[in-house]
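Trainee: Got a structure here, written out as structure tokens. Questions coming.
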Amino acid sequence: MQPLALSAVDLVAAVQQGELSAVACAEAFFDRIAAVDGRINAFLAVNREAAVAQAAAIDARRKAGKPLGPLAGLPVAVKDALCTADLPTTCASKMLEGFRPPYDADVVARLRRADAVIVGKTNMDEFAMGGSNENSAFGAVHNPWDLTRAPGGSSGGSAACVAADMAPVAIGSDTGGSIRQPAGLCGITGFKPTYGRISRRGLVAFASSLDQIGPMARSAADCALLMETIAGHDPGDATSLAEPVPTYTSLLNEPLQGLRIGRVAEHFGAGLDPEVAAGVEAAFETLKAAGATIHDVELPHAKYGIPTYYLIAPCEASSNLARYDGAHYGHRAEPGKGHRAETGKGYRAETGRGGGGAGEYVGGFDSPLVEMYCRSRAEGFGPEVKRRVMLGTYALSAGYYDAFYAKALRVRRLIQRDYLEAFTKVDLIAGPVSPTPAFKLGEKTGDPLAMYLVDMYTVGTNLAGIGGISFPCGFTAGGLPIGFQLQGPALAESLLLRAAHGYQQLTDWHTRRPALPA
Amino acid sequence: MTAHANSAAEPYTIVIGLEVHVQLQTKTKLFCGCSTTFGSPPNTQVCPTCLGLPGSLPVMNRQAFDLALRAALALDCQIARFTKWDRKNYFYPDLPKGYQISQYDLPFSHSGQLEVVDPKGAFSRRVRITRVHLEEDAGKSMHDEAAGTADTRIDLNRAGTPLCEIVSEPDLRSPQEARAWLNELKLLLVYLGVSDCNMQEGSLRVDANVNLHIPRGDGTVAKTPIVEIKNMNSFRSVERALIYEAARQFEEWQATGAELGSAPKQTRGWDDPAGVTRGQRAKEESSDYRYFPEPDLVPVTVSEEQLAAVRGEMGEPPTVLRQALADRWTITPYDADVLVNQGRDLVAYFEELATLAKDGKVASNWMQQDVLRTLNERGGTIGEFPVRPAAVADILGRIALGDFDTSRGREIFAAVLESGKTVADVVASLGIAAVDDAELESLCRELIAANPKIVADVQGGKEQAAAGLIGQAKKKNPNVNPGKVRAMCLTLIKQLG
Chain A
44 MQPLALSAVD LVAAVQQGEL SAVACAEAFF DRIAAVDGRI NAFLAVNREA
94 AVAQAAAIDA RRKAGKPLGP LAGLPVAVKD ALCTADLPTT CASKMLEGFR
144 PPYDADVVAR LRRADAVIVG KTNMDEFAMG GSNENSAFGA VHNPWDLTRA
194 PGGSSGGSAA CVAADMAPVA IGSDTGGSIR QPAGLCGITG FKPTYGRISR
244 RGLVAFASSL DQIGPMARSA ADCALLMETI AGHDPGDATS LAEPVPTYTS
294 LLNEPLQGLR IGRVAEHFGA GLDPEVAAGV EAAFETLKAA GATIHDVELP
344 HAKYGIPTYY LIAPCEASSN LARYDGAHYG HRAEPGKGHR AETGKGYRAE
394 TGRGGGGAGE YVGGFDSPLV EMYCRSRAEG FGPEVKRRVM LGTYALSAGY
444 YDAFYAKALR VRRLIQRDYL EAFTKVDLIA GPVSPTPAFK LGEKTGDPLA
494 MYLVDMYTVG TNLAGIGGIS FPCGFTAGGL PIGFQLQGPA LAESLLLRAA
544 HGYQQLTDWH TRRPALPA
Chain B
35 MTAHANSAAE PYTIVIGLEV HVQLQTKTKL FCGCSTTFGS PPNTQVCPTC
85 LGLPGSLPVM NRQAFDLALR AALALDCQIA RFTKWDRKNY FYPDLPKGYQ
135 ISQYDLPFSH SGQLEVVDPK GAFSRRVRIT RVHLEEDAGK SMHDEAAGTA
185 DTRIDLNRAG TPLCEIVSEP DLRSPQEARA WLNELKLLLV YLGVSDCNMQ
235 EGSLRVDANV NLHIPRGDGT VAKTPIVEIK NMNSFRSVER ALIYEAARQF
285 EEWQATGAEL GSAPKQTRGW DDPAGVTRGQ RAKEESSDYR YFPEPDLVPV
335 TVSEEQLAAV RGEMGEPPTV LRQALADRWT ITPYDADVLV NQGRDLVAYF
385 EELATLAKDG KVASNWMQQD VLRTLNERGG TIGEFPVRPA AVADILGRIA
435 LGDFDTSRGR EIFAAVLESG KTVADVVASL GIAAVDDAEL ESLCRELIAA
485 NPKIVADVQG GKEQAAAGLI GQAKKKNPNV NPGKVRAMCL TLIKQLG
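Just so you know, the protein sequences line up as chains A and B, in that order. 44 is the number of the first residue of the first sequence in the numbering used here; add one for each residue after it. 35 is the number of the first residue of the second sequence in the numbering used here; add one for each residue after it.
Now the structure itself:
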């Protein structure tokens, strides 16, 4: 039995039935990582010893006749933005290099309880800011379909490791497309559920009102399997939804007959690569042939998605990333000229401040404290993180708040309303996931605006707080995957998974693997 | 009311607004489950959320919110049916997230009032409350004095403790009023169980905004620039700082003529030992906290049922209780004020005593002259006070029956306190027994016979000379009632002719 070739659903069944040991399964994937990740750079940390020990414990429980969890022995790669108590959590930033959280993210804890095996932490754009994975402080990820190309981002490591068979499934996070876009560029299936469907507790925040964790796998069916474990209410996340979690896997096989699918004309406008357009059009035909109907719908404010997103996300990020100041954990600059390290006799408590505001020792820009802050952050953050922190700080500043942040919130509500309106006419909205197939590494790094446009079809989902799934719908002449995206109303997870699964029952794009000899 | 305007010493009106922060008496913090106990070893009451670790999230403590509602209702505030949280962004080492979760434009309550009435009638002031909002406290910075500005230790036990900010309108008109109003506010919050208001432990902090309105000869009014005073560690300090600051502003105005609007709001720190306010080091730029709605929390809604539940748990506030005590026990408003200002437990003690003694006035006198005085000397709380109301009532009952007089009663009170014995035991051990009339008469006749000079003085019209006989009577028999001795002696002397 070759574990690398099996779906997650089949792997779990094989382990549960004793046809495959969890250890053999884990070893197979670790061997694969050892063989190919030198070329991909998908992993920032690999957990072989602990994972194999955990797999052995699962095998022992099975032999003892004890019940196993619903993901028994399933290797899972986890984006390095999720806290893991047994592995460093760096967000691919020098700021958090070597940082080990004292707790597991809710999703990680759920995976462990379900007897999944965490194989390691995947590379990403620093603090999930980017669309190419080139913003990692620990080196870019290479697209398994063409090692000179980017895998997309920010969950590029998670996408690439699944595409290259280094893990059957992975966990990503999606703030503006960070699951769906790299899934599209790497030829796998990536699912961003409704905001709040999966707890964010333990996900290192980028933009709290947009961040959402989701599964990345070879198929919609494997995503559905993971969803049953990772979705659900968490009282530790105030924004988590208390809705019951359906058994997504049992609802996959409903027919596509009668499904109303919306098509947005703007998705086929300027900037869309013709080969991508052709692949997406062909997918519409396939869905139509399966009995779905295609309807034109309008998202009149979709064109403001990118500017809206690039105000709200940096504003929240500028605040979320303020905690990385060198004072408590993470990178701290070496003491500068103003610092004297000797300790004296007594410590005097600072008078409690009432309404906040910095205390008495903040001093001027040349004070040792401010110097430590500035240098720690200057050294610890990469250029894209600094760019967004500065954008957000500026947009939230007195005198600019109304013109930028407050206006962006108003446009966000209009975008939400567009979707609500559209979903009165159709069940799902379909289109491309990104305007081009995987681009060359370095191609867009000098042009941040061009890089921001790779999210043009995906940010609306996050701004509206709804769900979206992307999966391959063809390949370019050059052999690069073309991604297709479905978006659905809030809590339409079942419908999205079922539609993607229905498509994958009719096509084999998702079964294709890059030629990447060990 | 411009009580001070145009007087010779202070030809101006002092305008004062206060900003008070009180820690709520919750078991756990505002956004996590950590304990709020004061004085634990540093950084032992912390978790990923209040440490601001990556990926941690806040979850609102509804108990804290309800306690804050109680405070706002007691302050007569309007309660917002929809309120939200905002982030106040600034960098400081005892603020681990780099922002404080607070409330900016939609506080949970606003537009309240709290009146303070001086029991001696010196002033009465209704102070409007601008807003009351809820926020999380920061940690504590400990600066190493010897190493200068270089070394600071951070204790995050306090980080995330629920903090209620109460902002008043500039309605106070004197430092004395400000102090009295703070006392009233503290009393209210302690009565309602909202906060222990312990300034030493930092659970109540006050900043004051103050300026002067100075009438000019032409009928216009000069207003001095507003100064915010910080670092005041007691209500007495607040009063002293305001007195100092008012005089300082007047002098400065006389020297420079600077008026409101010509200079930015200044912050000055109160130096208690020196008794002066000092300008704090000016920040190089003005603060811009970049408030925005906290995306990790959901807005809070308040229903009529929730408000009713909070009202139901509130209990009598001090103003209501003062009136109630005065009415129930026919004591003066002044006496009611003294009792109520000592706190709810002392009022309960008083009411138990007054009920048992069936006399509010006497109970009130004993509370103030005996119980309170002794309590102040001994320290401790009324709950721990060894002489319970039943024992005091026993003493009062025996005085009323004429077993002994008030001063003898006090001796018994002291002996009960000292020995821990019952009143009956103390009375027995002191050999106190009622002296019957025959015994009293024979004692008086004996004294009259032995003191011809006093008898002659009394017969000559100096009745007060009889006091000498009372003293001697007490020596011979400590159980005699001095009033009765006096009356008996005077009667017998008159009979002598």
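Even glycine gets a Cβ: it sits at the ideal position worked out from N, Cα and C. All values reported here derive from a predicted model rather than from experimental measurement.
Pull up the distance between the alpha-carbon of P298(B) and that of P259(B), whole angstroms please.
Mentor: About 8 Å.
Trainee: Which word fits M415(A), buried or exposed, when buried means at least 16 other C-beta atoms lie within 10 angstroms of its C-beta?
Mentor: Label assigned to M415(A): buried.
Trainee: Given 8 Å as the limit, is there contact between the region 505-520 of chain A and the region 230-248 of chain A, that is, 3 or more CB pairs closer than that?
Mentor: They touch, by the three-pair rule.
Trainee: Return helix, strand or coil for E385(A), following the three-state DSSP convention.
Mentor: The predicted model places E385(A) with a pLDDT of 47, which falls under 50 and marks its position as unreliable, so this point remains unresolved.
Trainee: What does the alpha-carbon distance come out to for the pair T165(A) and S262(A)?
Mentor: When rounded, the distance between both Cα atoms is 19 Å.
Trainee: For C516(A), name the three-state secondary structure that DSSP assigns.
Mentor: DSSP places C516(A) in strand when its eight states are reduced to three.
Trainee: Looking at the C-beta of H371(A), does it have a partner C-beta in chain B at a distance below 8 Å?
Mentor: Closer than 8 Å to some Cβ of chain B, the Cβ of H371(A) qualifies, so yes.
Trainee: In this structure, how does DSSP classify W304(B) when only helix, strand and coil are distinguished?
Mentor: Note: W304(B) maps to strand in three-state DSSP.
Trainee: What in chain A is Cβ-close to S271(B), meaning under 7 Å?
Mentor: Ordered by position in chain A, no residue passes the 7 Å Cβ test against S271(B), which lies about 11 Å from the chain.
Trainee: Comparing alpha-carbon positions, which option in L219(B), L103(B) and M176(B) lies nearest R160(B)?
Mentor: For R160(B), the nearest C-alpha among the options comes from L219(B).
Trainee: At 3 residues or longer, what runs of the beta strand (DSSP E) sit wholly inside the region 81-107 of chain A?
Mentor: Those beta strand (DSSP E) runs which fall completely within the region 81-107 of chain A and span 3+ residues are 86-89.
Trainee: What residues of chain A sit near K154(B), judged by a beta carbon separation below 7 Å?
Mentor: Chain A residues near K154(B): none, gap ~31 Å exceeds 7 Å.
Trainee: Could you confirm whether any beta carbon from chain A is found closer than 8 Å to the beta carbon of N123(B)?
Mentor: With 8 Å as the cut-off, N123(B) counts as an interface residue toward chain A.
Trainee: Assign Q547(A) to buried or exposed, taking buried as 16 or more other Cβ atoms, counted over all protein chains shown, within 10 Å of its Cβ.
Mentor: Buried, because 16 or more other Cβ atoms sit within 10 Å of the Cβ of Q547(A).
Trainee: Report the start-end ranges of each alpha helix (DSSP H) in the region 430-508 of chain B that is 4 residues or longer and not cut off at the edges.
Mentor: For the region 430-508 of chain B, whole alpha helix (DSSP H) runs of length 4 or above, ordered along the chain, are 440-453, 457-463, 471-484 and 486-493.
Trainee: Check whether the region 76-87 of chain B touches the region 118-127 of chain B, taking contact to mean three or more Cβ pairs, one atom from each stretch, closer than 8 Å.
Mentor: Output reads no: the region 118-127 of chain B does not touch the region 76-87 of chain B.
Trainee: Closer than 8 Å, CB to CB, is A248(A) near chain E or not?
Mentor: No chain E appears in the structure shown, which is made up of the protein chains A and B.
Trainee: Mind checking which residues open and close the alpha helix (DSSP H) that includes I273(A)?
Mentor: Start and end: A263 to I273.
Trainee: Going residue by residue through the region 152-179 of chain A, where are the continuous beta strand (DSSP E) segments of at least 3 residues, counting only ones entirely within it?
Mentor: Within the region 152-179 of chain A, the complete beta strand (DSSP E) runs of at least 3 residues are 160-165.
Trainee: When burial is assigned at 16 or more other CB atoms within 10 Å of the CB, is L530(B) buried or exposed?
Mentor: The residue is exposed, with fewer than 16 neighbouring Cβ atoms inside 10 Å.
Trainee: Is the distance from the Cβ of Y448(A) to the Cβ of L457(A) below 8 Å?
Mentor: No, Cβ-Cβ distance for Y448(A) and L457(A) is not below 8 Å.
Trainee: With DSSP collapsed to three states, give me the class of A325(A).
Mentor: Looking at A325(A) - three-state DSSP - the assignment turns out to be helix.
Trainee: Just the Cα atoms here: how many angstroms apart are R162(B) and R391(A)?
Mentor: So the two alpha carbons sit approximately 36 Å from each other.
Trainee: So, for G387(A): in the same chain, excluding its five sequence neighbours on each side, which residues have a beta-carbon less than 7 Å away from its beta-carbon?
Mentor: Reliability of the predicted coordinates at G387(A) is poor, the pLDDT of 47 falling under 50, and the value obtained from them is presented with this limitation in mind. Taken in chain order, the list of residues that qualify is empty.
Trainee: For N505(A), name the three-state secondary structure that DSSP assigns.
Mentor: Helix at N505(A).
Trainee: Of all the CB atoms in chain A, is at least one closer than 8 Å to the CB of S175(B)?
Mentor: By this cut-off, S175(B) is an interface position.
Trainee: Against chain A, which members of the region 62-88 of chain B pass a CB distance test of less than 8 Å?
Mentor: Listed in sequence order: P82, L85, G86, L87 and P88.
Trainee: Would you say the beta carbon of G220(A) comes nearer than 7 Å to a heavy atom of the ligand FMN?
Mentor: Of the ligands one can find in the structure shown there are none, so the ligand FMN has no counterpart to examine.
Trainee: Assuming V502(A) contacts R223(A) (C-beta within less than 8 Å), just tell me the rounded distance between them.
Mentor: The pair is not a contact, with the Cβ atoms about 10 Å apart (cut-off 8 Å).
Trainee: Report the residue from N178(A), A281(A), G174(A) and G239(A) whose alpha carbon sits nearest the alpha carbon of L228(A).
Mentor: Of the candidates N178(A), A281(A), G174(A) and G239(A), the one whose C-alpha sits nearest the C-alpha of L228(A) is G174(A).
Trainee: Give me whichever residues DSSP pairs with R312(B) in a beta bridge.
Mentor: Answer is G303(B).
Trainee: Ordered along the chain, which non-local residues of its own chain (more than five positions away) have a Cβ less than 7 Å from that of A281(B)?
Mentor: Result list for A281(B): empty, nothing under 7 Å.
Trainee: Find the nearest neighbour of N515(B) within the set D471(B), I488(B), A308(B) and E286(B), judged by alpha-carbon distance.
Mentor: N515(B) has its Cα closest to that of D471(B), out of D471(B), I488(B), A308(B) and E286(B).
Trainee: I'd like to know if S197(A) contacts chain B, where contact means its C-beta is closer than 8 Å to some C-beta of that chain.
Mentor: Not an interface residue.
Trainee: Do you know how far the Cα of T311(B) is from the Cα of V426(B)?
Mentor: About 48 Å.
Trainee: Run down chain A in chain order and give the residues with a C-beta less than 9 Å from the C-beta of Y138(B).
Mentor: Chain A residues near Y138(B): none, gap ~11 Å exceeds 9 Å.
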